[in-house]
Amino acid sequence: MINRLHDKGELQYLSINQVKQKITRKVNYSSFTEYGNHLVKELTDVRRFGTARSYKFTIGIMQTFAQKIDIKFNEVNYDFLKGFEKFHLTKEDNSINGLAFYMRTIRAIYNKGIKDGCIDKEAYPFSEYKIRVDPTKKRAIDISHIKKILDLQLPVEHELFHTRNYFLISYMLYGMPFMDMAFLKVGDIKNGRVVYQRKKTLKNYDIKISDPLNEILKFYKVGKSKKDFLFPIIMREEPKQQYDWIGRKK
98 MINRLHDKGE LQYLSINQVK QKITRKVNYS SFTEYGNHLV KELTDVRRFG TARSYKFTIG
158 IMQTFAQKID IKFNEVNYDF LKGFEKFHLT KEDNSINGLA FYMRTIRAIY NKGIKDGCID
218 KEAYPFSEYK IRVDPTKKRA IDISHIKKIL DLQLPVEHEL FHTRNYFLIS YMLYGMPFMD
278 MAFLKVGDIK NGRVVYQRKK TLKNYDIKIS DPLNEILKFY KVGKSKKDFL FPIIMREEPK
338 QQYDWIGRKK
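Per the working numbering: the sequence shown = residues 98 to 347.
Written out as structure tokens, the structure is:
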């Protein structure tokens, strides 16, 4: 390790403590897949199940493409990425944006690997490989349709009762994702506002409740404490099972 730091010209700029940290670093993987699975466990431990699932799924697709379980960091180079691109796009119904999802995930794992000293930054394949995306066509629902849904009165026992309400709630909360809606608790409604943190980005939101939204929320608050989930979406106790359940319900 000392020789590597010297050869790379980094040794002279590091303090004794920084050199010690690099030498005693606990993370030491040459395998991209092993390191990726290490990150999956870390993410699962801190309940970032969505990101963990994305990492795990992407690693699985990479293994299918490479036709082996163990993929080394130095194998994930420009040629590997171009081959993976061709592998993905030659399959029916696969898209450029789907490929971009996988590539961003691979890039995220690789960047973390560089930071943890698993691979030299000089080997970074995304300096040459550029992730492509197709612009998503903007989709906007006509306001007249929103009014029709808002005016639609359904009995509680109707199979679309909750679906109608969830759509309107999401719309009136500026596009709240279904995942965040599922985890919303009665206590997140404070002083006429919905206050929550988005699961994916950890960004905080504080949104005023309109009169139409308040009418819908009142129905779901009846008989519940502040610690209860507001909506009857989550039917599991264990956190990971909750995320998996919501994923199937979307």
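Using N, Cα and C, we set each Cβ at its ideal position, and we do this for glycine too.
Being a predicted model, the structure only gives us computed values, none of them experimental.
In the structure shown, F223 falls within a helical segment according to DSSP collapsed to helix, strand and coil. Three or more Cβ pairs closer than 8 Å define a contact, and the stretch 135 to 147 falls short of that threshold against the stretch 183 to 190. In this structure, I246 keeps its C-beta atom at 8 Å or more from the C-beta atom of F258. For Y317, no beta strand (DSSP E) encloses it; the enclosing alpha helix (DSSP H) starts and ends at D308 to K318.
Judged by DSSP in its simplified three-state form, N288 adopts coil rather than helix or strand. In this structure, V173 and I203 form a Cβ contact; the two beta carbons are roughly 7 Å apart against a cut-off of 8 Å. Along the length of the stretch 162 to 207, whole alpha helix (DSSP H) runs at least 4 residues long occupy 175 to 186, reported in chain order. Relative to I243, the option among N262, G180, G133 and I113 whose CA is nearest is N262.
In this structure, the beta-carbon distance from Y132 to I211 does not fall below 8 Å. The beta carbons of V292 and D277 sit no closer together than 8 Å. Judged by DSSP secondary structure, Y263 falls within the alpha helix (DSSP H) whose first and last residues are F258 to M269.
By the Cβ-count criterion, L299 is exposed, with fewer than 16 other Cβ atoms from all chains shown falling within 10 Å of its own Cβ. In this structure, R290 sits near I306, with a CB-CB distance shorter than 8 Å.
By the neighbour-count criterion, in which a residue is buried when 16 or more other Cβ atoms sit within 10 angstroms of its Cβ, V137 is buried. Between Y221 and T155, the CB-CB gap reaches or exceeds 8 Å.
Straight across, the Cα-Cα distance linking K218 with F129 is about 14 Å. With contacts defined by Cβ atoms closer than 8 Å, F326 and K296 do not form a contacting pair. Its Cα nearest to that of K227, the residue K179 stands out among V253, K179 and Q164. The DSSP-derived three-state label of S151 is helix.
Rounded to whole angstroms, the separation of the alpha carbons of N208 and S241 is 46 Å. K323 is positioned such that its CB atom lies closer than 8 Å to that of G284.
Taken through DSSP and simplified to helix, strand or coil, S127 comes out as coil. Exclusion of the five residues before and after F223 leaves R204 as the residues of its chain whose Cβ lies within less than 6 Å of its Cβ. For I331, the closest alpha carbon among the candidates E256, K315, F275 and N171 is that of F275.
With contacts defined as CB atoms closer than 8 Å, E225 and Y152 fail to qualify as a contacting pair.
When the five nearest sequence neighbours on each side are left out, the beta carbons in the same chain lying within less than 8 Å of the beta carbon of R201 are those of I228, in order along the chain. Taking 8 Å as the cut-off, the Cβ atoms of M269 and P309 count as close.
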